[in-house]
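Engineer: Using my numbering, the first residue of the sequence shown is number 89, and each one after it goes up by one.
No residue lacks a Cβ here, since even glycine has one placed at the ideal position from N, Cα and C.
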Amino acid sequence: MAKEKVKLEIIDGDTEYSKVFIILQDIKNASTYKKAKETYNFINRETKVLTRAIETHLRNILRENGCLPYDGTNKALERALNDLEYNCRKRIRIIDRYENITGEKIVGYDDETDITIIEENGVLTAAVEVEIDIL
Numbered sequence: 089m090a091k092e093k094v095k096l097e098i099i100d101g102d103t104e105y106s107k108v109f110i111i112l113q114d115i116k117n118a119s120t121y122k123k124a125k126e127t128y129n130f131i132n133r134e135t136k137v138l139t140r141a142i143e144t145h146l147r148n149i150l151r152e153n154g155c156l157p158y159d160g161t162n163k164a165l166e167r168a169l170n171d172l173e174y175n176c177r178k179r180i181r182i183i184d185r186y187e188n189i190t191g192e193k194i195v196g197y198d199d200e201t202d203i204t205i206i207e208e209n210g211v212l213t214a215a216v217e218v219e220i221d222i223l
């Protein structure tokens, strides 16, 4: 069986100023060993790809509003986000779309990225919404 590729989708969120970033991978036809291995890889690797896509989106928002980070560090990103809030009157919220799901669907949680991973109908999924609040 060929390995199913991980897909990254970006869709419009519930509000005009939001985007939802979704990664998913079909594992329903995999053996028990392959399911375990793919789940491990999804939690420990693919959530990092999702995080990088979100960071790129955040940097684009900051660039569009003239609040560029002075370098590539998280500290500079945090300062630019603060500038966005105080100078442009916009606040960015990052929401784990599955944080309130409980029970057997949850297969993992990435402590480093605060992303919940679920499996539903043989598909691993993680979803994060980036929402801009106008203050």
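1. How long is the line joining the alpha carbons of Gly210 and Thr127, rounded to whole angstroms?
2. Can you tell me which of the three DSSP states Glu152 falls into?
3. Can you confirm whether the stretch 137–144 touches the stretch 99–115 when touching is taken to mean that 3 or more C-beta pairs between the two stretches lie within less than 8 angstroms?
4. Mark Ile205 as exposed unless 16 or more other C-beta atoms lie within 10 angstroms of its C-beta, in which case mark it buried.
5. If we count Cβ pairs, one from each stretch, closer than 8 angstroms, do we get three or more for the stretch 119–138 versus the stretch 197–204?
6. Glu92 to Val216, Cα distance in whole Å?
7. Using the rule of at least 16 other Cβ atoms within 10 Å of the residue's Cβ for burial, across every protein chain shown, is Ala214 buried or exposed?
8. When burial is assigned at 16 or more other CB atoms within 10 Å of the CB, is Ile115 buried or exposed?
9. Relative to the alpha-carbon of Arg181, which residue among Glu97, Val94 and Leu146 has its alpha-carbon at the smallest distance?
10. Looking only at C-alpha atoms, which of Gly101, Asp221 and Tyr186 sits nearest to Glu173?
11. So, is Glu207 buried or exposed, given that buried needs 16 or more other C-beta atoms within 10 angstroms?
12. Thinking C-alpha only, which one of Cys176, Leu223 and Lys163 is nearest Asn153?
Structural biologist: If we stick to the structure as given:
1. 11 angstroms
2. helix
3. yes
4. buried
5. yes
6. 22 angstroms
7. buried
8. That one is buried.
9. Measuring from the Cα of Arg181, the nearest candidate turns out to be Leu146.
10. Asp221
11. buried
12. Cys176
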